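Just so we're aligned, residue 1 is where the sequence shown starts under the UniProt record's numbering, counting upward by one.
Note that the Cβ used here is the ideal one computed from N, Cα and C, for glycine as well.
Only a predicted model underlies this, so the values are computations on that prediction, with no experimental measurement involved.
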Amino acid sequence: MTSALSSAVHKKLVREILSLQGPSQSADPRIKAAYSSKQALVRLDDETQDDYRIEVREEDLLDVRVWLMGPVGTPFEGGFFQMSIDFRNGAYPEQAPTVKLLTKIFHPNVSTRGDICVNSFNAGWSDQKGSASNFKGVDFCARTVLGLLVNPNPDSVLDQPEAGRLMHDSYEEFMRMAKVWTSAYALPRPACWGPAPCTEAAQTRILYATSLVSRKKISILDVFVPPFNVPLIGSGSCGRTTT
1 MTSALSSAVH
11 KKLVREILSL
21 QGPSQSADPR
31 IKAAYSSKQA
41 LVRLDDETQD
51 DYRIEVREED
61 LLDVRVWLMG
71 PVGTPFEGGF
81 FQMSIDFRNG
91 AYPEQAPTVK
101 LLTKIFHPNV
111 STRGDICVNS
121 FNAGWSDQKG
131 SASNFKGVDF
141 CARTVLGLLV
151 NPNPDSVLDQ
161 PEAGRLMHDS
171 YEEFMRMAKV
181 WTSAYALPRP
191 ACWGPAPCTE
201 AAQTRILYAT
211 SLVSRKKISI
221 LDVFVPPFNV
231 PLIGSGSCGR
241 TTT
């Protein structure tokens, strides 16, 4: 697909993408050269990377893949949802880019084909004209969809009427179904997010196991070879503390 974007809009998009990705992740010299430009570069808050990551398709920078982390406190928490943002539709920036959610999700405003129903991408797009201080690119689109995960609209259903019905009639059942779908389709952690952080409980257990090994209470093999025979903290004679 050929992009009809103006040179200025194209550069602004590329700069935003680079500010999100960083040049070290790319081997493409065009990207590195663009990143080194001294012109105004879109800068985003550090918190941007706390809830989504991007994957740049170097064969076409304007066809972006974004991985959203399911918002805390929602039935999508713990899941990772891939979306595509295609700026090559010929009407951007006067109209929204083509945005789709590629990971299956139980949500009234997302179709089984990944189409997204939200006013910000439809009639509301022209009400929010982008400017130098309010640029509507990757970050705007990602945060719009994240907002939809936090606040689904049961009155704007696409082809998942059951999701909208349950939100009205039995919100607990909607939450249960959405969690089931999240577990089924959105749990694999994408590479762009790196390894999962070690939980506080896991860190405590590791320190405890290390202590036991150093005191020769258990063998190093008990830590690294299944079935990982490390006693629980406080259990057994070696886990008991004395006062």
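Continuous beta strand (DSSP E) stretch holding residue i: start and end
| i | result |
| --- | --- |
| S84 | 80-86 |
| W67 | 63-69 |
| V110 | Here V110 belongs to no beta strand (DSSP E), and DSSP marks it neither H nor E. |
Spatially closest choice to residue i from the options, by CA coordinates
| i | options | result |
| --- | --- | --- |
| P197 | G78, Q21, W67, S6 | G78 |
| A96 | I116, S111, K104, R57 | I116 |
| W193 | Q82, L166, E58, G124 | Q82 |
| V110 | T74, S156, D139 | S156 |
| L187 | T103, G164, M167 | T103 |
| residue 272 | A123, G124, S126, V99 | Shown here, the chain extends from 1 to 243; a query on residue 272 therefore has no answer. |
| I54 | F80, F76, S7, G73 | F80 |
| A91 | R189, W125, V118 | W125 |
| F140 | P154, V118, L158 | V118 |
| L158 | P108, E58, R189 | P108 |
| S74 | P190, R189, V180 | Looking at the sequence shown, residue 74 is not Ser but Thr. Of the candidates P190, R189, V180, the one whose C-alpha sits nearest the C-alpha of T74 is V180. |
| N89 | V14, P190, L5, R165 | L5 |
| Y185 | D50, L18, V14, L101 | L101 |
Those residues which DSSP pairs with residue i across a bridge
| i | result |
| --- | --- |
| I54 | V66 |
| D115 | K100 |
Contact belief for residue i with residue j at Cβ below 8 Å, rounded distance in angstroms
| i | j | result |
| --- | --- | --- |
| Q21 | F106 | With 8 Å as the limit, Q21 and F106 do not qualify as a contact, their Cβ atoms being about 30 Å apart. |
| P71 | L149 | 5 Å |
| F121 | E16 | Not confirmed; about 17 Å, so no contact. |
| A142 | Y52 | 5 Å |
| L61 | V145 | Actually they are not in contact, since the Cβ atoms of L61 and V145 sit about 20 Å apart, beyond 8 Å. |
| V138 | V64 | 6 Å |
| P152 | M175 | At roughly 11 Å, the Cβ-Cβ gap does not stay under 8 Å, so P152 and M175 are not in contact. |
| T182 | F76 | 5 Å |
| V66 | I85 | 6 Å |
| P154 | G164 | 4 Å |
Delimiting residues of the alpha helix (DSSP H) encompassing residue i
| i | result |
| --- | --- |
| R176 | 171-185 |
| R15 | 7-21 |
| C192 | Note, C192: premise wrong, no alpha helix (DSSP H); not H, not E. |
| A123 | First-last for A123: undefined, no H or E at that position. |
| I147 | Residue 147 is actually Gly in this sequence, not Ile. Its alpha helix (DSSP H) spans residues 138-150. |
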